[in-house]
Structure formats: C-alpha cells, structure tokens
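Colleague:
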Amino acid sequence: MSSHNKSSSLSHQGQVAKLTLSKNGIEQSFEFPILSGTLGPDVLDIRELYTQTGYLTYDPGFTSTASCESAITFVDGEKGLLLHRGYTIQELATHCDFLEVAYLLLYGEIPNQSQKIDFEQNIITHTMLHEQLINFYQGFRRDAHPMAIMVGVVGALSSFYHDSLDLKDPEQRELASYRLIAKMPSIAAMAYKYSVGQPFVYPRNNLRYAENFLHMMFALPSYDYQINKTIAQAINKIFILHADHEQNASTSTVRLAGSSAANPFACIASGIASLWGPAHGGANEAVLNMLKEIGTKDQIPEYLKRAKDRNDSFRLMGFGHRVYKNFDPRAVVLKESCHQVLDALGVKKDPLFDLAMELEKIALQDEYFIEKKLFPNVDFYSGIILQAIGIPVSMFTVLFAVARTVGWVSQWREMIGDPVQKIGRPRQRYIGSMQRPFIALKER
Ligand code: SDX
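All residue numbers for the sequence shown refer to numbering that gives the first Met the number 0, where the first residue is 0 and numbers rise by one.
(1) What did DSSP end up calling Ile438 once you bin it into helix, strand or coil?
(2) Is the beta carbon of Ala272 sitting closer than 8 Å to the one on Ile180?
(3) Between the alpha carbons of Glu357 and Ala70, how many angstroms are there, rounded?
(4) Helix, strand or coil for Tyr500, going by three-state DSSP, please let me know.
(5) Could you check what DSSP says for Asp342 in three-state terms: helix, strand or coil?
(6) So, at 6 Å on beta carbons, what are the nonlocal neighbours of Ser176 in its own chain, with the 5 sequence-adjacent residues on each side left out?
(7) Would you check whether the ligand SDX has a heavy atom nearer than 7 Å to the C-beta of Gly76?
(8) Starting from His83, follow its DSSP beta bridges and name the residues at the other end.
(9) From which residue to which residue does the beta strand (DSSP E) around Val15 run?
(10) Identify, in the order they occur along the chain, each residue of the same chain with its Cβ nearer than 8 Å to the Cβ of Leu80, setting aside the five sequence neighbours on each side.
(11) For Phe318, is the beta carbon positioned less than 7 Å from some heavy atom of the ligand SDX?
(12) Give the C-beta separation of Leu440 and Ser381 to the nearest angstrom, bearing in mind that I take them to be a contact with Cβ-Cβ under 8 Å.
(13) Tell me which residues share the same chain as Glu30 and place their Cβ nearer than 8 Å to its Cβ, disregarding the 5 neighbours each side in the sequence.
(14) Does the contact criterion of 3 or more C-beta pairs under 8 Å hold for the region 206 to 219 versus the region 408 to 425?
(15) With a threshold of 7 Å, establish whether the CB of Asp378 neighbours any heavy atom of the ligand SDX.
(16) Start and end of the alpha helix (DSSP H) containing Phe118?
(17) May I ask which residues mark the beginning and end of the alpha helix (DSSP H) holding Phe61?
(18) Quick check on Pro263: does DSSP put it in helix, strand or coil?
(19) List in chain order: all unbroken alpha helix (DSSP H) runs of 4+ residues lying wholly within the region 301 to 359.
(20) Below 7 Å, is the gap between the Cβ of Arg321 and the nearest heavy atom of the ligand SDX?
(21) Is Leu290 near the ligand SDX, with its Cβ less than 7 Å from a heavy atom?
(22) Hey, quick one: how far does the alpha helix (DSSP H) through Glu292 stretch, first residue to last?
(23) What beta strand (DSSP E) runs, 3 residues minimum, are completely inside the region 176 to 215?
(24) Going along the chain, which residues of its own chain have a beta-carbon closer than 6 Å to the beta-carbon of Gln171, five neighbours each way excluded?
(25) Any heavy atom of the ligand SDX inside 7 Å of the beta-carbon of Ala330?
(26) Going along the chain, which residues of its own chain have a beta-carbon closer than 8 Å to the beta-carbon of Arg428, five neighbours each way excluded?
(27) If you compare alpha carbons, which of Gly416, Asp311, Glu99 and Gly270 is closest to Val401?
(28) Confirm the yes/no value for this check: CB of Gly280, any heavy atom of the ligand SDX, distance under 7 Å.
(29) Could you check which residue in Asn376, Arg203 and His214 has the C-alpha nearest to that of Tyr222?
(30) Could you check whether Asp243 and Leu104 sit closer than 8 Å to each other, using their CB atoms as the reference points?
(31) Assign Pro452 to one of three DSSP states: helix, strand, or coil.
(32) For Phe29, report the span of its beta strand (DSSP E) as first-last.
(33) In the DSSP assignment, find the alpha helix (DSSP H) that holds Arg426 and state where it starts and stops.
(34) Here's a check: name, in chain order, each residue in its chain whose Cβ is nearer than 7 Å to the Cβ of Glu370, leaving out the five neighbours to either side.
(35) Between Ile415 and Met316, what straight-line distance do the alpha-carbon atoms span, to the nearest angstrom?
(36) Kindly indicate which three-state DSSP category Leu38 falls into: helix, strand or coil?
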C-alpha cells in the first residue's frame, strides 16, 4: 500500500493510500482516503474496504485501529504527553479541582466562575441515592469484592431513574450524566462501609467532591471526622489523573455498549466490569498485592526473572502500557505526590514505598524492560498513595472507577452525539469447522 498525493480539500489533505491486490494472477488497485486529525497519526479511512475489496482487516487488541473520532483526550506515547481538550495533565492536576476537569471533559472548556458554581450545584444535588437502593447492598456477602458491588448497584440505577433514560432527549442525557458523576462516590463509599459493617454515611452538600468522598468513607456516628487537607488534595489529584485516557479497554467497552442504545447506567456498569481486570484498572490493587508478595528487596531479582520468563504468567504489575513507550506522565505526577503525602502524613519511609522505589530502579536498568519499553504506569504509584491514606487495597480500583466515570460519561455523550456513529459490530477471521452434516445420536 503506498500513499499518493492528490490536490484536494485541506481537511483530507487529498492524500490517498493505494492498495494493490493480486489474486489468481489478476491485479486490482484500490484507493482509500488518508484522514488527518489535529494531532497524532494520520488514519487510513477503510470504511469501504470490505465492500470494495471483499477483504477484512485483522487487528486483535486494536493495536493499529482508530475506533472513532474524539476531541476529548490525546495521548502521545512517544513524548509521554496527555492532553484533555488541549490542556496538559500536569497543568490540570496542579491547578484544577476534579469537578473543573469533569466540566472540561464534558463540555470542552474549563468553566468560568459562574459555570463552575452552577456545575458543582448540579452535581452536589444528585449525590444521594434513592433510599431503596440501600437494600441492594444487603444482597452481597460482607466479603464481596467492592467492584462486584459497583457493577451491580450502578447497573441497577436504571431501575430507579426512569426520567433519565431517553437517549434522544438531551436534557435526560445531561441528567443521567450528572447522576452518574454525583452518585459514584456515594455508591463507592457505601460499598466500603458495607464491607466493614459500619453504617452508611450520607453525602454533605457543603463538602467538595474529594472531601465528600473521604467523609462518606471514614466518618462515623461516634466521632466528628476531620478531613485532612493533604489527603483531600491527594484524592483530588488521583481523581484528575484517572479521569480519562482515550479509547482504553473500559472506555471502548462503554462506547460499544452505548452503540446499541443501551441506557447510560448499563453502559457505565459495563465500563466498571472491564476496568476491574488486573491488566487494566485492577492493576493498582495488583501492584500492592505484588509488592506484599515480593516482601523484601532481596526478592526483587527473582521476581524480575519471573516477569521476563515467557513461560511464567507473572508480570510486573504497574509496568508497561499499550500506548506510552517512554513514560506515563501520570506516574511522574503521582510519584511526586507520593513523596508529599508520605512526608505530610509523617509516614516514615513506607516500607512498601521503599520496596517500590527499589523495584522501579532495578527494573528501569534491566535490558529486558528497556528493550520492551516497560516502565511504571499510573497504577504503580496510585496504590502506594492510597495505601498510605488508609484506603483498603480492595477499594483501589473502585476509586479508579469513580474517577473514570467522568471520562466514560464524556466519551459516551460524544459517541451518542456523533452523526456517523452506528452499532459497533466487528467481524472476525473464522478458523472453525467447514459446514458438515449432522450425525444423529444413535450414530455417534
Ligand atoms: C491501565 O489503555 C490505557 O490507557 C490503560 C490505562 C488507562 O488510563 O485507561 O492507562 C490504565 O490499564 C494501565 C496499565 C495497567 N496494567 C498493568 O500495569 C498490568 C501489567 N502490564 C501489562 O499487562 C501490559 O504492559 C499492558 C496490558 C499494560 C500492555 O499490554 P500490551 O501493550 O498489549 O503489551 P504486551 O502485553 O503485548 O507486552 C509486550 C511485551 C510482551 O512480551 P513479548 O510477548 O513481546 O515477548 O512486553 C511484555 C509482554 O510479555 N510485558 C511485560 C509487562 N508488560 C508487557 N512483561 C513483564 N511485566 C509487564 N508488566
């Protein structure tokens, strides 16, 4: 396939990709438009490939496939760049609170003062759950993984909020968006309280998003919980750093679910299910479990050896990324926060943090990790901060889901509003049996 310049409209830059196929001695040539985005690689527009050539493309894991057009987030894996609507993640994590970033992802601009106040009011007034939803928790075992509770309760929201299910009504889409963003911290905190047998704590309208979450997680009827500003700032930063990340596995799951016109609560529940996997959002929990398994610095070489052994399923959790091939900018921000939080909390060099630093140092000098371009990703540090703050390990991925709900909802709205969107229905390369005659039971 070659690219071939032609003069034409600026948006497509007139470039086409020429594909020549030869079959049974017959050569056929086809041309497919090359489309440019604002940033990032150009794309071959192969929407007509199958109808024109009878060929499908084969790309398991979608390593070379753009599934959609999006204006929300851009990641440059080589440069370690992460932009949300054009702003760097470093600027946003330093200067914004989480709901400002949520507004930016949803509407495309950072809110001004009045927009910020209105948006915060819209969110805060939806933080409570329908009182009957509380009964859902009773159906779970106390030792249920909180992500199982999140999938169940979020999926059930659609049975309570019938006035925000009509996708054709922009007001109902907006209301569903507010409800999801507002209620996730309440549902998450309740999953934790249920697991420890403590009473649920209602949200408070005078608290900011991260503070409200901490209040619902740790307040008790028996004493006045005081919010630690350092911890609240760390949670705010962790939420911002996990808010959105292009078409990752869970976001693609939400988009695919939404493409069938499933209701927004069901779509977000599907995103939570996908995020749970240890190769994705479940990695932060897996990092802590891995560090506890490694135990001491002298065990690191043994585990690195296992991570490099293709016959061993062990992988170094918190290392590697599909897109980032030099460093994950979120991990850089989180590493700095790690030091600040541990110092501010007076937590002497957390032994797990010490072990993590040693593991990072050794891994980054190892030729296997250098050659495979494996380095700490966002999940490597988030677990250590959350552990230091007192968030139980089983809740790590739940916090990721709370933050990523803003990204999922933003991407879902963009997809619903995309005039070219249609139900997602990938094809396959069939490698099963040819057609064969049925054999009756008595002859088998
Ligand atoms: C997130 O997509 C996103 O943006 C995700 C995310 C987001 O914000 O949504 O950024 C959040 O999910 C971060 C990733 C968290 N996952 C982990 O930390 C789990 C450990 N990492 C790996 O599972 C892996 O690195 C992935 C899943 C993250 C990326 O997988 P890829 O891009 O499909 O790479 P790969 O699995 O094909 O690995 C390439 C090679 C392989 O070796 P070969 O088959 O070529 O010989 O690198 C090796 C892998 O074996 N490898 C690792 C490794 N990660 C990849 N070897 C040891 N330890 C690892 N962590």
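A virtual CB, placed ideally from N, CA and C, is assigned to each residue, including glycine.
Modeller: Short version:
(1) Along the sequence shown, read from residue 1 onward, the residue named residue 438 stands at position 439. Coil at Ile438, not helix or strand.
(2) Locating residue 272 in the sequence shown gives position 273, where the first residue counts as 1. Locating residue 180 in the sequence shown gives position 181, where the first residue counts as 1. No.
(3) To locate residue 357, count along the sequence shown from 1; it is residue 358. To locate residue 70, count along the sequence shown from 1; it is residue 71. Cα to Cα, the separation comes out at about 39 Å.
(4) Absent from the model: residue 500. The displayed extent of the chain is 0 to 443, so no value can be given.
(5) Within the sequence shown, the letter at position 343 stands for residue 342. Reduced to three states, the DSSP call for Asp342 is helix.
(6) By one-based count along the sequence shown, residue 176 stands at place 177. Excluding positions up to five away in sequence, the list reads Val408.
(7) Locating residue 76 in the sequence shown gives position 77, where the first residue counts as 1. For Gly76, the distance from the CB to the nearest heavy atom of the ligand SDX is not below 7 Å.
(8) Reading the sequence shown from its first residue, position 84 is the one you call residue 83. DSSP output for His83 lists Thr72 and Tyr86 as bridge partner(s).
(9) Your numbering for residue 15 matches position 16 in the sequence shown. From DSSP, the beta strand (DSSP E) with Val15 extends over Val15 to Lys22.
(10) Along the sequence shown, one-based indexing puts residue 80 at 81. Closer than 8 Å at Cβ, skipping near neighbours: Phe73, Val74, Thr87 and Pro328.
(11) Taking the first residue of the sequence shown as 1, we reach residue 318 at position 319. Checking the Cβ of Phe318 against the ligand SDX gives yes.
(12) Position 441 of the sequence shown, counting from 1, holds the residue named residue 440. Position 382 of the sequence shown, counting from 1, holds the residue named residue 381. Leu440 to Ser381, Cβ: 56 Å. No contact.
(13) In the sequence shown, counting from the first residue as 1, residue 30 sits at position 31. Answer for Glu30: His3, Val15, Ala16, Lys17 and Leu18, listed in chain order.
(14) With a cut-off of 8 Å, the region 408 to 425 and the region 206 to 219 do not count as touching, because too few Cβ pairs lie within range.
(15) Numbered from its first residue, the sequence shown carries residue 378 at position 379. Yes.
(16) The residue given as residue 118 occupies position 119 in the sequence shown. Under the DSSP assignment, Phe118 falls in the alpha helix (DSSP H) whose first and last residues are Gln112 to Ile123.
(17) Residue 61 sits at position 62 when you count from the first residue of the sequence shown. For Phe61, there is no enclosing alpha helix (DSSP H), as DSSP marks it with neither H nor E.
(18) Mapped onto the sequence shown, residue 263 falls at position 264. Looking at Pro263 - three-state DSSP - the assignment turns out to be helix.
(19) The region 301 to 359 contains these whole alpha helix (DSSP H) runs: 328 to 343.
(20) Position 322 of the sequence shown, counting from 1, holds the residue named residue 321. Arg321 Cβ: within cutoff of the ligand SDX.
(21) Counting from 1 along the sequence shown, the entry for residue 290 is found at position 291. Incorrect: Leu290 has no Cβ contact closer than 7 Å to the ligand SDX.
(22) Counting from 1 along the sequence shown, the entry for residue 292 is found at position 293. It spans Ala282 to Ile293 - the alpha helix (DSSP H) in which Glu292 sits, taken as one unbroken run.
(23) Whole beta strand (DSSP E) segments, 3+ residues: zero.
(24) One-based indexing of the sequence shown puts residue 171 at position 172. Excluding sequence neighbours, Gln171 sits near Ser163 and Asp165.
(25) On the sequence shown, residue 330 is found 331 positions in, with the first residue counted as 1. Incorrect: Ala330 has no Cβ contact closer than 7 Å to the ligand SDX.
(26) On the sequence shown, residue 428 is found 429 positions in, with the first residue counted as 1. Correct list, in chain order: Leu55 and Tyr57.
(27) To locate residue 401, count along the sequence shown from 1; it is residue 402. Nearest of Gly416, Asp311, Glu99 and Gly270 to Val401, Cα basis: Gly270.
(28) Looking up residue 280 in the sequence shown gives position 281. Remark: the shortest separation between the CB of Gly280 and any heavy atom of the ligand SDX falls under 7 Å.
(29) Here residue 222 refers to the residue found at position 223 when the sequence shown is read from its first residue. Checked all of Asn376, Arg203 and His214; the closest Cα to Tyr222 is His214.
(30) The sequence position of residue 104 within the sequence shown is 105, counting from 1. The sequence position of residue 243 within the sequence shown is 244, counting from 1. Cβ atoms of Leu104 and Asp243: closer than 8 Å.
(31) Because the chain is modelled from 0 through 443, residue 452 falls outside the range shown and cannot be assessed.
(32) Start at 1 with the first residue of the sequence shown, and residue 29 comes out as number 30. Phe29 -> beta strand (DSSP E) spans Ile25 to Leu34.
(33) Counted from its first residue, the sequence shown places residue 426 at position 427. No alpha helix (DSSP H) holds Arg426; DSSP gives it neither H nor E.
(34) Position 371 of the sequence shown holds residue 370. In the same chain as Glu370, and ignoring 5 residues on each side of it, no C-beta atom comes closer than 7 Å to its own.
(35) Numbered from 1 along the sequence shown, position 416 holds the residue referred to as residue 415. Numbered from 1 along the sequence shown, position 317 holds the residue referred to as residue 316. Ile415 and Met316: Cα-Cα distance of roughly 34 Å.
(36) As a working note, residue 38 is residue 39 in the sequence shown. In the structure shown, Leu38 falls within a coil segment according to DSSP collapsed to helix, strand and coil.
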